[in-house]
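A.B. asks:
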Amino acid sequence: MMIKKRITGIVYVLLMVCAVNTAYAQQPPFYNDIQHFKKLDSAHFPPKQAVLFIGSSSFTFWKDVQEYFPQHTIINRGFGGSSLPDLIRYAGDIVFAYDPKQVVIYCGENDLAASDTVSAATVAQRFITLFTMIRNKYPKIPVLYVSMKPSPSREHLMHKMDAGNWAIAEFLKKQKRTVYVDAYHLMLDANGEPRKELFIDDMLHMNKNGYAIWQKAIGPYLR
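Counting along the sequence shown from 1, when you hit position 216 you're at 221 in the working numbering, and nothing is skipped either side.
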């Protein structure tokens, strides 16, 4: 009888472990990041009609972004490693939940880095999908896109970044209440090489000098 009980107990534990692992495996990418945002919101929900920053780690690392734009109320919902499909997946949580007065987007760089099969045209089409979702929900709010930056660690992708930036810029020219911020060329030296002094040691994320360039480029267009 004792042996049967032990076997039953072991089977139960194994089933529970399998159930937990299965549930974890079924969670979509960046699920924990989104839950973290929700936890922050439950403690202190951001005000409506703020300027919303969404995108990848270049926004995540900009932890003091509010100090760069003190005259505006900023909500930063960048999550590191994200690509445009992730912003599309969580649009309800990171965009529509806040009813912003303006949306600022930085994303696309990780899309290109994730796979050689992702082209500049693919990134542009993904952006258009995200833009269309936002525009359908909020027909009148301005949308600002910050160009993919020329990260030294991803110098091999610069030709794709440049092409993707151009395609997105051309699309936005035909849309109302939009701005394309060309940070890409502001971060190149006279020889067209990435300015390494704008980046931290990983040569992927920016230091305060890089963010100062973004501040000057973005600031005039914030509502």
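Glycine included, C-beta positions come from ideal geometry on N, C-alpha and C.
Assess, as a yes-or-no matter, whether the segment 55-63 is touched by the segment 91-104 under the definition of 3 or more beta carbon pairs within less than 8 Å.
C.D. replies: Judged by Cβ distances under 8 Å, the segment 91-104 makes contact with the segment 55-63, as three or more pairs qualify.
A.B. asks: At the 8 Å Cβ level, is P105 part of the contact set with chain C, yes or no?
C.D. replies: You won't find chain C in this structure, because it holds only one protein chain.
A.B. asks: So G83 is in the beta strand (DSSP E); what residue range does that whole segment cover?
C.D. replies: Along the sequence shown, read from residue 1 onward, the residue named residue 83 stands at position 78. G83 -> beta strand (DSSP E) spans I79 to G83.
A.B. asks: Under a three-way DSSP split, which group does M153 fall into?
C.D. replies: Working through the sequence shown from its first residue, we reach residue 153 at position 148. Coil, per DSSP.
A.B. asks: How close, in whole Å, do the beta carbons of P144 and R94 come, if the pair is a contact with beta carbons under 8 Å?
C.D. replies: Here residue 144 refers to the residue found at position 139 of the sequence shown. Here residue 94 refers to the residue found at position 89 of the sequence shown. That belief does not hold up - the Cβ atoms of P144 and R94 are roughly 22 Å apart, past 8 Å.
A.B. asks: What three-state label does DSSP hand T122 in the structure shown?
C.D. replies: Start at 1 with the first residue of the sequence shown, and residue 122 comes out as number 117. Here T122 sits in coil by DSSP.
A.B. asks: Can you tell me whether Y185 is buried or exposed, with buried defined as 16 or more other CB within 10 angstroms of its CB?
C.D. replies: For this step, residue 185 is matched to residue 180 along the sequence shown. Burial call: buried.
A.B. asks: With a threshold of 16 other CB atoms inside 10 Å of the CB of Y103, please say whether the residue is buried or exposed.
C.D. replies: Here residue 103 refers to the residue found at position 98 when the sequence shown is read from its first residue. Looking at its Cβ environment, which holds 16 or more other Cβ atoms inside 10 Å, Y103 is buried.
A.B. asks: Which of helix, strand or coil does DSSP assign to A24?
C.D. replies: Start at 1 with the first residue of the sequence shown, and residue 24 comes out as number 19. Bear in mind that a pLDDT of 46 at A24, under 50, signals an unreliable position, so the number given afterwards is only what the model happens to contain. Three-state DSSP puts A24 in a helix.
A.B. asks: What would DSSP say about Y29, mapped onto helix, strand or coil?
C.D. replies: As a first step, residue 29 is located in the sequence shown; it is residue number 24 there, counting from the start. With a pLDDT of only 48 at Y29, under the threshold of 50, the placement of this residue in the model should not be trusted, and no figure is reported.
A.B. asks: Beta-carbon within less than 8 Å of P52's beta-carbon, same chain only, minus the 5 sequence neighbours each way: which residues are those?
C.D. replies: Looking up residue 52 in the sequence shown gives position 47. Excluding positions up to five away in sequence, the list reads T78.
A.B. asks: To the nearest angstrom, report how far apart S158 and N81 are at their CA atoms.
C.D. replies: By one-based count along the sequence shown, residue 158 stands at place 153. By one-based count along the sequence shown, residue 81 stands at place 76. Those two C-alpha atoms are separated by around 25 Å.
A.B. asks: For the segment 185-205 against the segment 37-47, do three or more pairs of beta-carbon atoms, one drawn from each stretch, fall closer than 8 Å, so that the two count as touching?
C.D. replies: The segment 185-205 vs the segment 37-47: no contact.
A.B. asks: With a threshold of 8 Å, are at least 3 pairs of Cβ atoms found where one atom belongs to the segment 166-174 and the other to the segment 195-211?
C.D. replies: They do not touch, by the three-pair rule.
A.B. asks: Report back the beta-carbon spacing between A188 and V148 to the nearest angstrom; my notes put them in contact at under 8 Å.
C.D. replies: Here residue 188 refers to the residue found at position 183 of the sequence shown. Here residue 148 refers to the residue found at position 143 of the sequence shown. Wrong, their Cβ atoms sit about 16 Å apart, outside the cutoff.
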